[in-house]
Amino acid sequence: MVKKPNTPYTPTKLNRRSPVPSDIDIAQAAELKPISQVAEELGLLPDEYSPCGKYITKVSLSVLERLADVPDGKYIDVTAITPTPLGEGKTTTTVGLSQALGAHLGKRVITAIRQPSQGPTFGIKGGAAGGGYSQVIPMENFNLHLTGDIHAITAANNLIAAAVETRMYHESYQKNKALFNRLFPADEDGNRKFGIGMLGRLKNLGIDVAEPCDMTKEERKRFVRLNIDRDTLTWRRATDTNDRLLRQITVGQGSKEKDFNFETSFYITVASELMAVLALATSLADMRDRIGRIVLALDMDGNPVTVEDVGVAGAATVLMKDALMPNLMQTLEGTPVFVHAGPFANIAHGNSSVIADMIGLKLADYVITESGFGADMGMEKFFDIKCRYSGNIPDVVVLVATIRALKMHGGGPKVVAGKPLAPEYVKENLDLLEKGLENLMAHVDIANQYGVSVVVAINRFHTDTDAELELVKQACLKSGKVVDAVVTNHWEEGSVGAIDLGKAVIKAAEQENDFKFRYPLDMPIKDKIETIAKKVYGADGVDYSPEAEKQIEKYTRLGYDKMPICMAKTHLSLSHDPELKGRPSGFRIPIRSVNASIGAGFLYPLLGSMSTMPGLPTRPAYYDIDIDLETGCVLGLS
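If you're matching positions, the sequence shown starts at 154 in the numbering used here and goes up one per residue.
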């Protein structure tokens, strides 16, 4: 049997200070290994990575061919309970656990996390590199442009938007209806056939081809009028900035285009289907195929019009080809990190790339990945979408909980980003905490439904008391539903504060699981939606708008009903309503619309008032971000 690489790993020593400095101060004071050293210790060959500066590199997919016969390592997903708007330190826990496994417990480990969007970085949440002494570095690169993957997606997304709208402008059905019907008459069933007469018709359009038989059906569709129904166009432009005023816009106001203006909108780039395609693709060929399959609109006969039909699939792939290679970075303690793809978990499927995990599982004993928000969000999509397409089965779920969030779910005052916490959150309050445990148990139950071993990580804050931490730990252990519950202090101590968590994960990973998907793909669309709503969220049922009913009927007719479901809902509640805390019951899920990401390979219902373009708060994070003109150092990132 081919063995995994076994290059010695050299931990980077932490220079901890007390009190703990700001995240950016810690990151800028850190000692970094050259990225070539990180790559070599990981077992990569020199021709399998392409450095982007001293501390970041792109990793070639060719490593998968070399290590094809190497057995996979253990696959660990870090998720969380329903968070407060402040976040509960899930990425910090992911990094701390990886540092503990690599620096103290003798395991070859790779962290695999998402690249953050510029939206939250400059909005409310700030960056997503972890925090304290459990961070990914260089932190500034991580939280800003990195290697330009998101920019590449933005460019490809907007090229597709320009291509389909240009096609519609030049081939307007109403404008050319008579010519279209004359050149391509429909039969008695309404179908338009392209046979031997194609040659003459193409010449009438000014297109010269030797013989019509030289063209495939797909190639022909590039040269004929696509007859796009503008009212069905779903593709939008993208930008990676929270910009609420782009939620509804009008395009085509120029003097030559004024007869072609229409209402449209932007979505944030990480909500683009291309981001989901990048995250779920298993190869360059797979990505090219997925991009080509993206449905942009329907034609006047109700047939799908794809990126391939418009003729821009190849160009979009070219823009994204380098983005398909994972970015390799490191933690504060020198363990390797793949940072790749960045779909939101409340809008999209919320997980880093399949490619990064596939490579990591060949190179390491343990791959520690992270799914966005709670177990009802990113973890459910990790299992039911990502694992279906990758074929990789998880060994352990690490469920992150905080005293702060549990008190909120027990009825504590509202937690608002940018405002001081209420006294209930900084002083001992066992009654409030105990009431909030129902939310933690709900997430444990969700993970248990999939047959995966669960370890609870109680992420300690300096305001937590020993009695509060012990209460949560004992409640978890007495439930009999988890392998272990461990108090962690990795934010303050780095790897040392997560050693017990690492030991618990190693123990859990050795147990046999009975993993199963929550629903079969051949289940009808409504049944899949209702399975998630009832079994995962705890809803009594689902209510569909008339628009959603029509969309479900259309997707079933088009043969798209065999895809998994990617629910778009708030991350602040197990329900669709962010105000319903704890473990809500007696509610129904409203489905506003159901959209199709055919290239990515899922349908995504919009629950309640979810928006694909976030807005900025009254005081965005960018107020604090600046640059030191003498040193060139970035200031104010968090």
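C-beta atoms are modelled at their ideal positions from N, C-alpha and C, and glycine is treated no differently.
Item: Whether residue 520 touches residue 228 by CB criterion (8 Å); Value: yes
Item: Among 425, 669, 592, 258, the one whose alpha carbon lies nearest that of residue 488; Value: 258
Item: Start-to-end residues for the alpha helix (DSSP H) that takes in residue 447; Value: Note, residue 447: premise wrong, no alpha helix (DSSP H); not H, not E.
Item: Neighbourhood of residue 303 by C-beta, 6 Å cutoff - its chain only, sequence neighbours within 5 removed; Value: 393, 422
Item: Environment of residue 425 [buried if 16+ CB atoms lie within 10 Å]; Value: buried
Item: Buried versus exposed, by CB contacts within 10 Å (16 or more), residue 780; Value: exposed
Item: Short Cβ contact (8 Å threshold) for residue 253 with residue 465; Value: no
Item: Span separating the alpha-carbon of residue 730 from that of residue 401; Value: 24 Å
Item: Under the three-state DSSP convention, the category residue 202 falls into; Value: strand
Item: Supposed close pair residue 761, residue 741 - CB separation, criterion 8 Å; Value: So it is not a contact: roughly 11 Å between Cβ atoms.
Item: Inter-residue Cα distance where the pair is residue 715 and residue 501; Value: 18 Å
Item: CA-to-CA distance, residue 463 to residue 469, given in whole angstroms; Value: 11 Å
Item: Proximity to residue 280 [Cα-Cα], best of 305, 244, 308, 261; Value: 244
Item: Proximity to residue 239 [Cα-Cα], best of 161, 783, 260, 724; Value: 724
Item: Assigned secondary structure, residue 292 (DSSP; H/G/I helix, E/B strand, else coil); Value: helix
Item: 6 Å CB neighbourhood of residue 629 in its chain, flanking five on each side removed; Value: 609, 635, 638
Item: C-beta contact flag for residue 383 and residue 321 at 8 Å; Value: yes
Item: Rounded straight-line distance, which links the Cα of residue 455 to that of residue 605; Value: 43 Å
Item: Through-space distance from residue 748 to residue 496, alpha-carbon basis; Value: 16 Å
Item: Residue from 648, 757, 607 whose Cα sits closest to the Cα of residue 537; Value: 757
Item: Beta-carbon proximity of residue 735 to residue 395, cut-off 8 Å; Value: no
Item: Beta-carbon separation (whole angstroms), residue 483 vs residue 185, contact threshold 8 Å; Value: 7 Å
Item: Residue 792, enclosing alpha helix (DSSP H) - first and last residue; Value: For residue 792 there is no data in the structure shown, the boundaries of the chain being 154 and 791.
Item: CB contact flag (residue 690, residue 275, <8 Å); Value: no
Item: Within 8 Å, strictly: CB atoms of residue 236 and residue 558; Value: yes
Item: For residue 606: DSSP bridge partner residues; Value: 549
Item: Contained alpha helix (DSSP H) runs [length at least 4] in the region 373-403, N- to C-terminal order; Value: none
Item: First through last residue of the alpha helix (DSSP H) which encompasses residue 273; Value: 271-275
Item: For residue 227, the three-state DSSP class (helix, strand or coil); Value: strand
Item: Residues near residue 708 by beta carbon distance below 8 Å, same chain, minus five either side; Value: 678, 714, 747, 749, 756
Item: Alpha-carbon spacing of residue 251 relative to residue 770, whole angstroms; Value: 33 Å
Item: CB contact below 8 Å: residue 578 versus chain C; Value: Given the protein chain composition of this structure (a single chain), no chain C is represented.
Item: Option in 410, 589, 222, 720 with minimal Cα separation from residue 155; Value: 222
Item: At least 3 beta-carbon pairs within less than 8 Å: the region 190-202 vs the region 285-299; Value: no
Item: Under the three-state DSSP convention, the category residue 268 falls into; Value: coil
Item: Every unbroken alpha helix (DSSP H) inside the region 479-537 [4 residues or more]; Value: 507-516
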